[in-house]
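Scroll down for the structure; my scribbles are underneath it.
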Amino acid sequence: MSLKTLAFAAISLLALTNPVGADDEPKRGGILTYMIPADAPPSFDAHREETYATIHSAAPFYSVLIRANPYDPGKTDDLVCDLCTAMPKPTDDGKIYTFKIREGVKFTGGSPLTAEDVAASWNEIIFPPNGVISARQSNFVMVDKVEATDPTTVVFHLKFATDAFLPALADPYSW
Numbered sequence: 000m001s002l003k004t005l006a007f008a009a010i011s012l013l014a015l016t017n018p019v020g021a022d023d024e025p026k027r028g029g030i031l032t033y034m035i036p037a038d039a040p041p042s043f044d045a046h047r048e049e050t051y052a053t054i055h056s057a058a059p060f061y062s063v064l065i066r067a068n069p070y071d072p073g074k075t076d077d078l079v080c081d082l083c084t085a086m087p088k089p090t091d092d093g094k095i096y097t098f099k100i101r102e103g104v105k106f107t108g109g110s111p112l113t114a115e116d117v118a119a120s121w122n123e124i125i126f127p128p129n130g131v132i133s134a135r136q137s138n139f140v141m142v143d144k145v146e147a148t149d150p151t152t153v154v155f156h157l158k159f160a161t162d163a164f165l166p167a168l169a170d171p172y173s174w
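Structure below.
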């Protein structure tokens with residue numbers, strides 16, 4: 000490599016490390032254009048759509064009860080809390096899972112997230128009303144009932160114990 004080529008590469012690399020116009024403080028507000036290489040989705044109803052355009056454009060705006068550990072997402076058995084305070088220990092021979100919801104979580108409009116909100120979302124996914132399609136319903140055939148027992152507690156009652164329940168719940172598109 001010639002000295003001229005090496006000098007050009009070094010100057011180019013140095014120029015890229017400090018972009019012109021970079022602010023020290025992040026700018027709040029503005030418009031973010033997020034492009035998905037797909038046709039427009041039929042809707043943005045995340046409970047019923049499973050199109051690439053819906054899932055990948057909506058997922059960044061939703062939290063889930065539990066998820067794969069972001070530091071090791073390849074391990075399907077390494078799950079961590081997102082909206083819950085601690086990973087639940089199954090009771091009743093593996094047929095009941097109780098989740099405590101983190102306090103202080105708010106919707107984008109500012110209203111607080113409650114266990115009733117969480118239960119309502121899961122009930123729409125698992126037991127959709129007549130005429131409503133739920134693309135993820137079949138992932139939860141083991142669930143018998145979802146209920147909010149107090150403002151911060153959601154309980155999943157299973158028909159049978161299965162190791163498939165928590166990974167299904169941690170699916171990043173189950174919101």
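Residue numbers (numbering that gives the first Met the number 0): 0 to 174.
C-beta: ideal position from N, C-alpha, C; glycine also.
The model shown is predicted, which means the values in this text are computed figures rather than measured ones.
### Task
Might you give, ordered along the chain, the residues of its own chain that have their beta carbon closer than 6 Å to the beta carbon of Lys-105, omitting 5 neighbours on each side?
Within the same chain, Cβ atoms closer than 6 Å to the Cβ of Lys-105 are found at Pro-111, the five residues on either side in sequence being excluded.
### Task
Flag this pair as yes or no: are the beta carbons of His-55 and Ile-124 separated by less than 9 Å?
No, these two residues do not count as a Cβ contact at 9 Å.
### Chain-order list of residues whose beta-carbon lies under 7 Å from that of Pro-25 (same chain, five-residue window excluded)
Result list for Pro-25: empty, nothing under 7 Å.
### Query
Whole-angstrom Cβ separation of Val-63 and Pro-150, contact assumed at under 8 Å?
The pair is not a contact, with the Cβ atoms about 19 Å apart (cut-off 8 Å).
### Task
Could you spell out the range, first to last residue, of the beta strand (DSSP E) harbouring Thr-97?
First-last of the beta strand (DSSP E) with Thr-97: 95 to 99.
### Three-state secondary structure (DSSP) of His-55
It is helical.
### Task
Determine, using beta carbons only, whether Val-153 and Phe-98 come nearer to each other than 9 Å.
Phe-98 sits close to Val-153, with the two beta carbons spaced by under 9 Å.
### Task
Give the range of the beta strand (DSSP E) segment to which Leu-64 is assigned.
For Leu-64, there is no enclosing beta strand (DSSP E), as DSSP marks it with neither H nor E.
### Query
Between Thr-161 and Asp-92, what straight-line distance do the alpha-carbon atoms span, to the nearest angstrom?
Inter-residue distance for Thr-161 and Asp-92 is about 10 Å (C-alpha atoms, whole angstroms).
### Message
Does Phe-155 come out as helix, strand or coil in the three-state DSSP assignment?
### Response
In the displayed model, Phe-155 falls within a strand according to three-state DSSP.
### Task
Round the Cβ separation of Pro-41 and Glu-48 to the nearest angstrom and send it over; I've been treating them as touching at under 8 Å.
At roughly 6 Å, the Cβ-Cβ gap stays under 8 Å, so Pro-41 and Glu-48 are in contact.
### Query
Taking the DSSP output, what are the residues bridged to Leu-78?
Paired residue(s): Ala-67.
### Query
Just curious, the alpha helix (DSSP H) that Val-117 is in, first and last residue?
Unbroken alpha helix (DSSP H) run through Val-117: 114 to 125.
### Element boundaries [alpha helix (DSSP H), containing Ala-147]
From DSSP, Ala-147 is part of no alpha helix (DSSP H) but of the beta strand (DSSP E) over 142 to 149.
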